[in-house]
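**Q** Take the sequence shown: its letters are residues 1 to 138, numbered as in my numbering.
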Amino acid sequence: MEKTLSIIKPDGVSRGLIGEVIRRFEKNDIRVIAMKMVWMTKKQAKGFYAVHEKRPFFESLTDFMSSGPAVVMVLEADNAISKNRELMGATNFEEAEEGTIRRDFATDIEKNVVHGSDSPETAAFEISYFFNAFEIAG
Ligand code: ATP
Ligand code: MG
1 MEKTLSIIKP
11 DGVSRGLIGE
21 VIRRFEKNDI
31 RVIAMKMVWM
41 TKKQAKGFYA
51 VHEKRPFFES
61 LTDFMSSGPA
71 VVMVLEADNA
81 ISKNRELMGA
91 TNFEEAEEGT
101 IRRDFATDIE
111 KNVVHGSDSP
121 ETAAFEISYF
131 FNAFEIAG
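1) Identify, in the order they occur along the chain, each residue of the same chain with its Cβ nearer than 7 angstroms to the Cβ of Ile22, setting aside the five sequence neighbours on each side.
2) With DSSP collapsed to three states, give me the class of Ala106.
3) Do the CB positions of Gly116 and Thr41 come within less than 8 angstroms of each other?
4) Out of curiosity, what's the CA-to-CA distance linking Ile8 and Glu26?
5) Counting only the same chain and skipping the five closest in sequence on each side, list residues whose C-beta sits under 7 angstroms from that of Asp29.
6) Check the DSSP bridge columns for Thr5 and list the partner residues they point to.
7) Report whether the distance from the Cβ of Asp108 to the nearest heavy atom of the ligand MG is below 7 angstroms.
8) Going by beta-carbon coordinates alone, are Val113 and Ala123 separated by less than 8 angstroms?
9) Is the beta carbon of Glu2 sitting closer than 8 angstroms to the one on Ala80?
10) Beta carbon of Phe57: closer than 7 angstroms to some heavy atom of the ligand ATP?
11) Under three-state DSSP, which class holds Ile22?
12) Could you check the C-alpha separation between Lys83 and Ile136 for me, to the nearest Å?
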């Protein structure tokens, strides 16, 4: 079983999409094995998205990610990383497949409702960024 980090971003939380996103995970045999709500500081958001430090959207992205509460979760499934990214859809919702979370709910390339780790290495870093071993069930 593989683990991945999922975030329901501040736009998803403020728009009341927490239940809908989790329903999609559970319907697709992805288990939530850790979960909490966090309101990141700008500094915490910058640390989380440090890989994008040099990108032109870094300031705006980290402002957005620290603009309100987000829900962070550890998901577990066979191929959890790719399975979660399939359910999320492409970064740009206009290019995302029909029926994906971003296609159905995103309003903007930045405000795209969910985050998902993109490799085993980033999953390990991102899970440990928010959770310690005692907070993860299973
Ligand atoms: P995430 O890492 O959030 O799961 P992703 O892996 O699909 O998304 P990344 O390339 O890692 O996409 O970009 C991280 C986030 O930065 C995107 O989800 C989006 O919120 C924002 N972003 C990416 N590209 C742009 C862009 N061109 N303009 C504005 N924001 C962007
Ligand atoms: Mg990414």
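Glycine is no exception: its CB is placed at the ideal position from the N, C-alpha and C atoms.
Quantities reported herein were computed from a predicted structural model and do not represent experimental measurements.
**A** Put simply:
1) Val32
2) coil
3) no
4) 15 angstroms
5) Ala77
6) Residue identity differs from the one stated: residue 5 is Leu in this sequence, not Thr. According to DSSP, which records beta bridges pairwise, Leu5 is partnered with Val74.
7) no
8) no
9) yes
10) yes
11) helix
12) 20 angstroms
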